[in-house]
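Asker:
Residue numbers (the numbering used here): 34 to 154.
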């Protein structure tokens, strides 16, 4: 029972953080814009990255696309880590690692999807 609560909490945290970050990227918050401009992204690429981040968070909600959403989210986080390392921002890369590990734990944890009984399979 405790493991289900921890899994559900981790699940909701990952989804909420993904939605928050995707929304911040799409709206062009100054910190996000500065970070992506340091990576030499133009406005279209930044918007596309935000849409992909938001889409991956939404895909995690549904049991049939749970794995796809987690893989897409982990891929975007890995991309951020690689860009941070490319810019020699080691601290920024280390900050992203726990978020990557959360997605990996969600995929490999042998629990059912928290909302599998709510959504029709």
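Idealized CB from N, CA, C, for every residue including glycine.
Evaluate the contact criterion for the stretch 87 to 99 versus the stretch 70 to 77: three or more CB pairs, one atom per stretch, below 8 Å.
Answerer: In this structure the stretch 87 to 99 does not touch the stretch 70 to 77; the number of beta carbon pairs closer than 8 Å is below three.
Asker: Can you tell me whether residue 35 is buried or exposed, with buried defined as 16 or more other CB within 10 angstroms of its CB?
Answerer: exposed
Asker: Does the contact criterion of 3 or more C-beta pairs under 8 Å hold for the stretch 100 to 110 versus the stretch 58 to 66?
Answerer: Flag = no, the stretch 100 to 110 and the stretch 58 to 66 do not touch.
Asker: Tell me the residue span of the alpha helix (DSSP H) that contains residue 61.
Answerer: Counting along the chain, residue 61 falls outside any alpha helix (DSSP H), and DSSP gives it neither H nor E.
Asker: Under DSSP, the alpha helix (DSSP H) around residue 120 begins and ends at which residues?
Answerer: No alpha helix (DSSP H) contains residue 120, which DSSP labels as neither H nor E.
Asker: Going by Cα to Cα distance, which pick from 124, 82 and 67 is closest to residue 108?
Answerer: With distances taken between Cα atoms, residue 108 lies closest to 82.
Asker: Going by DSSP, what residue range makes up the alpha helix (DSSP H) through residue 76?
Answerer: Per DSSP, residue 76 belongs to the alpha helix (DSSP H) from 76 to 94.
Asker: Among 142, 140, 141 and 135, which has the Cα closest to the Cα of residue 46?
Answerer: Ranked by Cα distance from residue 46, the first of 142, 140, 141 and 135 is 135.
Asker: Taking all protein chains shown into account, decide if residue 63 is buried (16 or more other Cβ within 10 angstroms of its Cβ) or exposed.
Answerer: exposed
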